[in-house]
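Report on the following structure.
2 protein chains.
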Amino acid sequence: MERKPPDHITSRVHETVAVVLQVRGSTLQVLLWRRARPPAKGRWALPGGRLDAGETLERSIRRHLAAKVDVRELSHLEQLETHSDPTDGRVTTAYLGLIRSGIDPVVPADTRWHPVANLPATAFDHGAIARAGRERLRAKLSYTNVGFALAPETFTISELRDLYAAALGHEVSATNLQRVLLRRGVLVTTGELRTPGRAGGRPAAVYRFGSDRLEITDQFAALRPPETA
Amino acid sequence: MERKPPDHITSRVHETVAVVLQVRGSTLQVLLWRRARPPAKGRWALPGGRLDAGETLERSIRRHLAAKVDVRELSHLEQLETHSDPTDGRVTTAYLGLIRSGIDPVVPADTRWHPVANLPATAFDHGAIARAGRERLRAKLSYTNVGFALAPETFTISELRDLYAAALGHEVSATNLQRVLLRRGVLVTTGELRTPGRAGGRPAAVYRFGSDRLEITDQFAALRPPETA
DNA sequence: TCAAAAGTGTTCGCGGTACACCCATGA
DNA sequence: TCATGGGTGTACCGCGAACACTTTTGA
Numbered sequence: 001m002e003r004k005p006p007d008h009i010t011s012r013v014h015e016t017v018a019v020v021l022q023v024r025g026s027t028l029q030v031l032l033w034r035r036a037r038p039p040a041k042g043r044w045a046l047p048g049g050r051l052d053a054g055e056t057l058e059r060s061i062r063r064h065l066a067a068k069v070d071v072r073e074l075s076h077l078e079q080l081e082t083h084s085d086p087t088d089g090r091v092t093t094a095y096l097g098l099i100r101s102g103i104d105p106v107v108p109a110d111t112r113w114h115p116v117a118n119l120p121a122t123a124f125d126h127g128a129i130a131r132a133g134r135e136r137l138r139a140k141l142s143y144t145n146v147g148f149a150l151a152p153e154t155f156t157i158s159e160l161r162d163l164y165a166a167a168l169g170h171e172v173s174a175t176n177l178q179r180v181l182l183r184r185g186v187l188v189t190t191g192e193l194r195t196p197g198r199a200g201g202r203p204a205a206v207y208r209f210g211s212d213r214l215e216i217t218d219q220f221a222a223l224r225p226p227e228t229a
Numbered sequence: 230m231e232r233k234p235p236d237h238i239t240s241r242v243h244e245t246v247a248v249v250l251q252v253r254g255s256t257l258q259v260l261l262w263r264r265a266r267p268p269a270k271g272r273w274a275l276p277g278g279r280l281d282a283g284e285t286l287e288r289s290i291r292r293h294l295a296a297k298v299d300v301r302e303l304s305h306l307e308q309l310e311t312h313s314d315p316t317d318g319r320v321t322t323a324y325l326g327l328i329r330s331g332i333d334p335v336v337p338a339d340t341r342w343h344p345v346a347n348l349p350a351t352a353f354d355h356g357a358i359a360r361a362g363r364e365r366l367r368a369k370l371s372y373t374n375v376g377f378a379l380a381p382e383t384f385t386i387s388e389l390r391d392l393y394a395a396a397l398g399h400e401v402s403a404t405n406l407q408r409v410l411l412r413r414g415v416l417v418t419t420g421e422l423r424t425p426g427r428a429g430g431r432p433a434a435v436y437r438f439g440s441d442r443l444e445i446t447d448q449f450a451a452l453r454p455p456e457t458a
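Chains as they are written, first to last, in this note's numbering: chain S, 1 to 229; chain Y, 230 to 458.
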């Protein structure tokens, strides 16, 4: 098949990268850093790096992320796909990381937030990986409580609607969002009210997510066991 | 943290394994082989092995599987999770493979089918990986056309019901299964009829899946864009 | 009193389930 | 003609979408 490099054992490099997403302004953005050296010099890449010996994948990505953001600000982290590139012998395990809206983490000079919908020229296949991360988030917003990882501790329904709209990329009705999330028991009322802005309007109720760990809230309806079981 | 082995670069071993599932009889079974040598001698393991240099992950798992079954009989293959074990420096990328019901592939002497619901003592965390594979299959049976990868080329609705029941682990109504899959356009009538057995009964219509590539047939209903877009 | 923003009530429709009923065949 | 298995007709129901309408505030 392919010719083997002289040392067939050391040729493999395993690395971890993360698609770190946050809603900033009204757009879903991803954290990228600009490569100063070859390969792919000048292009934008996902944060990450080599897997060390005696290190788990998750520890590895957390360690590499620490160089770019304060990892304590990560509200959620889950694994995406693992890709292999046979030409350069690189294996990459991608993660999806989420940061709550509202915080503005300190990042190094080479690092920037970019709208996922409008990525610059990326190194390797990092553009595709970032888009895959967004798709994963989109899907999970529908049937899990991941919203907790995008939203601040407390919020009003319309603030939450704006977050969902940014993450999903389409308009979201505050009315239905509220009803769905309350019916599923995902949202909890805090009892507080937000006093309206200068423009007036009825004071908004303040909510929070009931849990800050991923839970499946809407099991697939299809082909489930009969109720008379 | 952990002490590093002298040569910190070569310590990583990347391997691929596969959860190969098939409905046999009326049970969902997984292909395992018995390890004849340490580590985990005598325990049952998923087929797989080392990732070679210059090889993609998918090529690797296909190559290793070829030693256990005729890979041409694999009707579907997709990636599951990648696990790392820091104690022995092993990274494992798991795949899910499916074989249509009805064929009985030739397998080596050390290899056996085992019901996923009742696994023997497995090597490493292969038991958990096998169960994760079954969960993935279960979920996808609900919202995709993966059924094609479990069923023979053509079949009657009640044969298909038995397959789904075995894979899902609960009773399935032939009536509703037929309606759901026809409504989604997943099943196609061949026009043929199956002549009834000795017990009589109306002849059953013969169906096949319209596609033998994975397709999402039932997008999540929740939080989709407004129709007036 | 008016505009703005939040929240509720009500209707609709889709898709999946449940179940009664009809159809075609072998013995 | 009866048992057996296959298939259809119909009613129901949960859930999300749409939208009109009410509530509460600031100016």
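For every residue, glycine included, the Cβ atom is placed at its ideal position computed from N, Cα and C.
- At a cut-off of 8 Å between beta-carbon atoms, Thr82 (chain S) makes contact with chain Y.
- Taking C-alpha positions only, Pro337 (chain Y) is separated from Asp391 (chain Y) by approximately 28 Å.
- Ala282, Gly283, Glu284, Thr285 and Leu286: these are the residues of the segment 282 to 294 of chain Y whose beta carbon lies less than 7 Å from some beta carbon of chain S, given in chain order.
- Between Leu168 (chain S) and Gly133 (chain S), the CB-CB gap reaches or exceeds 8 Å.
- Residue environment: Ile216 (chain S) is assigned as exposed (fewer than 16 neighbouring CB atoms within 10 Å of its CB, all protein chains considered).
- Identification of chain Y residues near Pro86 (chain S) by a Cβ-Cβ cut-off of 7 Å yields Gly283, Glu284 and Thr285, ordered along the chain.
- Annotation for Ala132 (chain S): the continuous alpha helix (DSSP H) segment containing it runs His126 to Tyr143.
- Distance check between Leu177 (chain S) and each of S:Arg50, S:Ala117, S:Tyr207 and S:Glu81 places S:Tyr207 closest, using alpha-carbon atoms only.
- Rounded to the nearest angstrom, the gap between the Cα atoms of Arg365 (chain Y) and Glu307 (chain Y) is 10 Å.
- Chain order gives the chain S residues near Gln308 (chain Y) as Glu81 and Thr82, where near means a beta carbon separation below 9 Å.
- By the CB criterion at 8 Å, Ser75 (chain S) and Arg50 (chain S) fall outside the cutoff.
- For chain S, the residues of the segment 319 to 332 of chain Y that bring a beta carbon within less than 9 Å of one of its beta carbons are Val320 and Thr322, in chain order.
- For Gln22 (chain S), no alpha helix (DSSP H) segment is defined; the enclosing uninterrupted segment is the beta strand (DSSP E) at Val13 to Arg24.
- Rounded to whole angstroms, the separation of the alpha carbons of Ala174 (chain S) and Thr322 (chain Y) is 41 Å.
- Annotation for Glu153 (chain S): Arg208 place their beta carbon closer than 7 Å to its own, counting only its chain and skipping 5 residues before and after.
- Distance between Arg131 (chain S) and Leu275 (chain Y), taken at the CA atoms: about 32 Å.
- Between the segment 286 to 294 of chain Y and the segment 238 to 254 of chain Y, the count of C-beta pairs closer than 8 Å reaches three or more; the two stretches touch.
- For Arg213 (chain S), the three-state secondary structure derived from DSSP is coil.
- Chain-ordered, the chain Y residues with CB closer than 9 Å to the CB of Leu51 (chain S) read Arg241, Ser313 and Val320.
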